[in-house]
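Please read the structure below before turning to the comments.
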Amino acid sequence: MHSKCIFLPTANSTLFDQLGGQAAVEAAVDNFYRKVLKDDRVSHFFDAVDMDRQRAKQKAFLTMAFGGPHNYSGKDMRTGHAHLVARGLNDSHVDAIIELLGGTLRDMGVQEALIQQVAAIAESTRNDVLNR
Amino acid sequence: MVTVRYGTHTCELKEGESLLDGLLRHGVPVAHACKAGSCGSCLLRSVEGQVPPSAQAGLKDSWKARGYFLACVCHPTGDLIAEPGGSDIRIAATITALDHLTHDVVRVHLACQAPFDFRPGQYLTLFRDDGLARSYSIANLPEEREIELHVRRVPNGRMSGWLFEGARTGAQVQLQGPSGECFYVPGRQDQPILLIATGTGLAPLYGIVRDALRSGHRGPIHLFHGATRPEGLYLAKELAAMSAAHGNMSYTACVLQADAPGPFEIGQIGQVVASRFSELDGWRGFVCGDPSVVRSLKQQLFLAGMAMRDIYTDAFLPSAA
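Chains as they are written, first to last, in the numbering used here: chain A, 467 to 598; chain B, 96 to 416.
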């Protein structure tokens with residue numbers, strides 16, 4: 467008789483592993499990007515001219531927020547968002563993005579405790595994103 | 096300061112300047128058109144020096160291995176010696192027919208003098224004997240003997256003007272390519288497919304829709320063709336016949352304005368599509384033609400639930416020259 471091999475999160479497994487790793491990012495990115503484009507509070511910050519490039523950026527962001535391997539530095543966050551801050555990016559927009567991120571994860575059936583951890587990582591970039 | 100040698104010319108590139116712009120600034124004649132890394136007109140070959148990978152993005156591996164790169168998107172970080180590219184990768188072809196399909200679309204048939212492999216929906220670069228180059232989508236299937244292109248007459252367009260008025264059957268041209276990722280990939284045969292073209296964006300879709308049908312695609316296939324006015328529609332009879340012959344294929348013509356009703360919908364193509372199909376989760380989409388329409392339709396399909404990886408587009412960029 468065969469026993470099924472089931473991946474069980476352990477105390478040692480990272481947030482990224484518990485969320486399902488890169489496959490979870492891939493599963494989330496279209497839904498997240500769609501939510502962003504449909505949300506009047508933030509859609510105007512997301513250039514829809516090159517959607518593939520924009521999607522790649524969302525993917526990098528989700529990978530970071532999911533606790534995965536990434537190359538973001540605080541400096542990148544600052545330079546990458548400076549032009550948006552000049553266009554009025556503020557706390558309310560960061561709040562909206564964290565809310566949409568949570569909604570994306572809830573759609574995927576992720577437990578609330580993990581969603582809070584993802585929100586905390588996104589929250590930790592707030593001051594860099596807003597250049598202050 | 097980066098120095099580039101090209102033939103007998105030597106020039107220094109300004110900060111941020113592409114290799115193509117640098118050569119043109121020095122009066123060096125280099126074929127070019129889109130200046131956006133897509134049409135393939137400015138293909139050069141590096142003889143010595145390092146070409147940035149971004150200048151080779153999308154090229155065939157066999158071309159990359161031989162040092163080919165696109166000058167318009169090449170920003171070298173070190174000195175480079177380059178030479179004209181293409182002669183060993185272009186094939187000769189003869190214009191065999193020029194049919195005026197509308198007041199501003201001519202169908203060009205070409206007989207190739209060597210095999211030219213492509214996937215229906217890809218595009219090629221057409222070179223006139225004086226070196227003028229433009230890219231056009233391929234509308235035929237590989238097993239058909241001749242290459243078919245649909246060329247829209249561009250105001251003051253040199254190549255399209257020539258194909259409209261100056262060119263004669265029997266004229267010799269050269270073809271390079273193919274390029275492009277907008278084509279039908281067999282598999283998921285029950286997936287619904289939506290194809291939307293404006294103007295000569297119909298050319299690649301005319302190839303793709305026939306490719307899907309002959310590959311035995313079973314899911315519904317809906318083709319929309321948009322034009323400004325009814326006289327801008329073409330191949331309507333052929334497409335209506337195709338729809339009659341295949342139960343899973345539909346064809347909808349769409350115009351922005353018309354003086355009288357006809358076998359077409361009147362309205363913006365995006366709205367016509369949305370009124371028929373608003374939930375596209377699990378669908379596959381192809382959108383070709385005018386860049387701004389392609390951009391907005393891509394977003395429309397995505398927001399209607401189509402996965403980004405299932406949306407194939409080809410925006411027809413105007414020539415920068």
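Quick reminder that beta carbons are idealized off the backbone N, C-alpha and C, glycines included.
Since the model is a prediction, treat every value here as computed from it, not as a measurement.
Asked	Found
Could you check which residue in C167(B), S255(B) and G153(B) has the C-alpha nearest to that of R120(B)?	C167(B)
Is F164(B) helix, strand or coil by DSSP?	strand
Just checking: is the beta-carbon of Q394(B) within a distance shorter than 8 Å of some beta-carbon in chain A?	yes
Could you name the residues of the segment 486-511 of chain A whose beta carbon sits closer than 7 Å to any beta carbon of chain B, in the order they occur along the chain?	D496, R500, L503 and K504
Looking at the secondary structure, which residues open and close the beta strand (DSSP E) in which V280(B) lies?	V280(B) -> no beta strand (DSSP E), and no H or E assigned at all.
Given R223(B), which residues of its chain have a CB within under 8 Å of its CB, disregarding the five upstream and five downstream residues?	M254, W257 and V268
Check whether the segment 316-330 of chain B and the segment 362-379 of chain B are in contact - that is, three or more C-beta pairs closer than 8 Å.	yes
V515(A) versus chain B: which residues are under 9 Å apart at the beta carbon?	R390
Could you give the first and the last residue of the continuous beta strand (DSSP E) run that contains Q577(A)?	Note, Q577(A): premise wrong, no beta strand (DSSP E); not H, not E.
Tell me, please, whether the CB atom of R521(A) is closer than 8 Å to any CB atom in chain B?	yes
Out of G173(B), L328(B), G102(B) and L289(B), state which residue places its alpha-carbon closest to the alpha-carbon of W378(B).	L289(B)
So who's on the other strand from C349(B), going by DSSP bridges?	G321(B) and E360(B)
Just to confirm my understanding: we take M401(B), look at its own chain, exclude 5 residues before and 5 after, and list those with CB closer than 6 Å. What are they?	L375, W378 and G380
Out of curiosity, what's the CA-to-CA distance linking A489(A) and P237(B)?	37 Å
For the alpha helix (DSSP H) containing P299(B), name the first residue and the last one.	L297 to R309
Would you report the Cα separation of Q394(B) and M543(A), rounded to the nearest angstrom?	26 Å
Terminal residues of the continuous alpha helix (DSSP H) containing V249(B)?	Careful: V249(B) lies outside any alpha helix (DSSP H) and carries neither H nor E.
Ordered along the chain, which non-local residues of its own chain (more than five positions away) have a Cβ less than 6 Å from that of D194(B)?	R202
If I'm right that S88(B) touches S230(B) with Cβ under 8 Å, what's the distance once you round it to whole angstroms?	Given a span of 96 to 416 for chain B in the structure shown, any question on residue 88(B) remains unanswerable.
Check whether the Cβ of A415(B) lies closer than 8 Å to any Cβ atom in chain C.	Protein chains A and B are contained in the structure displayed, whereas chain C is not.
Between which two residues does the alpha helix (DSSP H) containing H547(A) stretch?	G540 to A552
Any C-beta of chain B sitting closer than 8 Å to the C-beta of I472(A)?	The predicted model places I472(A) with a pLDDT of 47, which falls under 50 and marks its position as unreliable; any figure quoted below should be read in that light. I472(A) does not count as touching chain B.
Can you tell me whether K332(B) is buried or exposed? The criterion is at least 16 other CB atoms within 10 Å of its CB, across all chains shown.	exposed
Just to confirm the assignment: which complete beta strand (DSSP E) runs, minimum length 3, are found wholly within the segment 142-210 of chain B?	163-165, 175-179, 186-197 and 200-207
Would you call the CB atoms of G144(B) and G216(B) closer than 8 Å?	no
Return the chain-ordered list of same chain residues with a C-beta closer than 6 Å to the C-beta of F473(A), the five sequence neighbours on each side being excluded.	Low per-residue confidence applies at F473(A): pLDDT is 48, beneath 50, and the placement is therefore not dependable, though the value from the model is reported in the following sentence. Excluding sequence neighbours, F473(A) sits near nothing in its chain.
From what residue to what residue does the alpha helix (DSSP H) around P315(B) run?	It is not in any alpha helix (DSSP H) - P315(B) carries neither H nor E in the DSSP assignment.
Check whether chain A comes within 8 Å of F372(B), counting only Cβ atoms and requiring the distance to be less than that.	no
From K504(A) to L398(B), what distance separates their C-alpha atoms?	8 Å
Name the DSSP bridge partner or partners of H104(B)?	Y101(B)
Is it buried or exposed for C471(A), if we count other Cβ within 10 angstroms and need 16 for buried?	Summary for C471(A): the model assigns pLDDT 42, below 50, so the residue's position carries little reliability; its value from the coordinates is reported in the next sentence. The residue in question, C471(A), is exposed, as its Cβ has fewer than 16 Cβ neighbours within 10 Å.
Return the bridge partner residues of F222(B) from the DSSP annotation.	A228(B) and Q269(B)
So what does DSSP say about Y499(A), is it helix, strand or coil?	helix
The alpha helix (DSSP H) spanning F411(B) covers which residue range?	Run containing F411(B): none; DSSP gives neither H nor E here.
Could you compute how far the alpha carbon of A410(B) sits from the alpha carbon of T220(B)?	15 Å
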